[in-house]
Amino acid sequence: MANEIVKDTSTVAQLTSLLQSRMSQIEKLVPQHMTAARLMRIAVNCVAKTPALGACSPTSLLQCVLVAAELGLEPGGALGHLYLVPFKGVSTPIVGYRGLIELARRSGEISSIRAVVVREKDKFRYSEGIEQHIEHEPCLDGDPGALKLAYCVIKLRDGGVVAEVMTRAQVDAIKATSKTATRDDSPWKLHYDEMAKKTVARRALKWAPLSSERYYKAVETDDEDYVDGESTPVEVVAASLKERVKAKTRLLEVPEEISEGLVPDPKPTPPKE
């Protein structure tokens with residue numbers, strides 16, 4: 006009929022509706038440097054420009070936006086803070102190297118932090134002892150070769166220094182535990198160097214005395230995708246376990262009146278105690 010109102014059932018339209026219904030919640034979650042309106046606009050544009058995300062359920066995309074709001078990181082690949090990885094109709098948030106570094110810096114306890122990759126033709130020397138010592142001279146003449154190592158150096162406000170070095174084999178062992186590594190849109194496939202930096206930075210930051218709630222939430226979100234073989238300190242897990250369960254439950258809740266007519270999501274897995 007000519008006068009019949011046709012409802013837009015596209016993923017972008019449904020996500021926009023969901024985000025508008027959650028505006029007040031998102032405003033409470035975002036940090037001072039970010040606005041809910043900007044975050045929502047970036048998320049919608051990201052989905053509109055990525056066909057694979059357009060095939061994901063709106064509620065899984067909403068959950069990604071809520072995670073981005075809680076962490077204070079922008080979704081999408083522009084800044085490399087938080088990637089949205091689609092798989093079988095579900096979007097998964099993956100924290101990027103730059104996002105992890107940004108959250109660590111916001112803690113106020115780090116003077117500087119750098120993660121660097123070492124290639125086959127680079128000159129590299131690393132020694133352990135009472136003090137760690139790293140010498141790295143990058144090859145700037147022609148092709149430097151494949152990635153061989155990754156290292157991270159953290160300077161703390163109190164003058165302390167933390168350093169961590171990982172081989173390509175160690176990085177690939179972490180990659181093998183990732184649930185998203187084999188996907189075409191996985192950061193591991195599209196941005197391997199950045200993921201190698203993130204992996205070594207994660208391990209180095211475990212030795213840094215951070216007290217940033219958002220940083221540990223980012224690590225917890227990351228642990229849903231892969232683990233690096235070294236547990237988060239017991240005291241941190243004990244202090245945040247109840248809050249993590251509440252957060253996961255909150256992110257999965259979608260009011261019935263909002264979810265009507267949407268593409269159904271797979272049944273969410275209850276958070277592990």
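Under the working numbering, the letters of the sequence shown match residues 6 to 278, in that order.
The beta carbon of each residue, even a glycine, is placed where N, CA and C say it ideally should be.
None of these values were measured; they are calculated from a predicted model.
- Shown here, P91 sits in a strand according to DSSP, grouped into three states.
- Nearest neighbour of S117 by Cα position, chosen from T16, A206 and R27, turns out to be A206.
- The beta carbon of G104 sits closer than 6 Å to the beta carbons of L78, H86 and L87 from its chain, once the five residues preceding and following it are set aside; these are given in chain order.
- Residue state for T204 is assigned as helix, using DSSP reduced to three classes.
- For A57, same chain residues with a beta-carbon under 7 Å away, outside a window of 5 residues either side, are P91 and D190 in chain order.
- In terms of Cα proximity to C61, the closest of L34, Q19 and A168 is Q19.
- Between S22 and the set I115, L145 and P63, the nearest pair of CA atoms involves P63.
- A73 sits in a helix when the DSSP states are folded into three classes.
- Secondary structure at M171: strand, using DSSP grouped into helix, strand and coil.
- For K160, the enclosing beta strand (DSSP E) stretches over residues L152 to L161.
- For K128, the enclosing beta strand (DSSP E) begins and ends at K128 to S132.
- Residue pairing of I139 in beta bridges, as defined by DSSP: Y131.
- If the five residues before and after K153 are omitted, its C-beta is found closer than 7 Å to the C-beta atoms of V123, R124, E125 and R173, all from its own chain and listed in chain order.
- One thing to note: A48 has its Cβ no nearer than 8 Å to the Cβ of P98.
- Counting along the chain, S116 sits inside the beta strand (DSSP E) bounded by residues I115 to R124.
- In the assembly as shown, K33 is an exposed residue. Its beta-carbon has fewer than 16 other beta-carbons within 10 Å.
- Taking a contact as a CB-CB distance under 8 Å, the pair M171 and A155 counts as one, their CB atoms being some 5 Å apart.
- Per DSSP, the beta bridge partners of T97 are V90.
- Per the coordinates, the alpha-carbon of R208 lies some 11 Å from the alpha-carbon of A201.
- Closest by C-alpha distance to T16, out of C51, M39 and T40, is C51.
- Membership of C51 in the alpha helix (DSSP H) is indicated by the continuous run A41 to K54.
- Between K222 and L76, the gap from beta carbon to beta carbon is short of 8 Å.
- S96 is not a Cβ neighbour of S132, given a cutoff of 8 Å.
- P80 is bridged by DSSP to L87.
- Under the criterion of beta carbons closer than 8 Å, E114 and P214 qualify as touching, at roughly 6 Å.
- Inter-residue distance for G147 and L24 is about 48 Å (C-alpha atoms, whole angstroms).
- Residue burial is scored here from C-beta neighbours: Q30 has fewer than 16 other C-beta atoms within 10 angstroms and is therefore classed as exposed.
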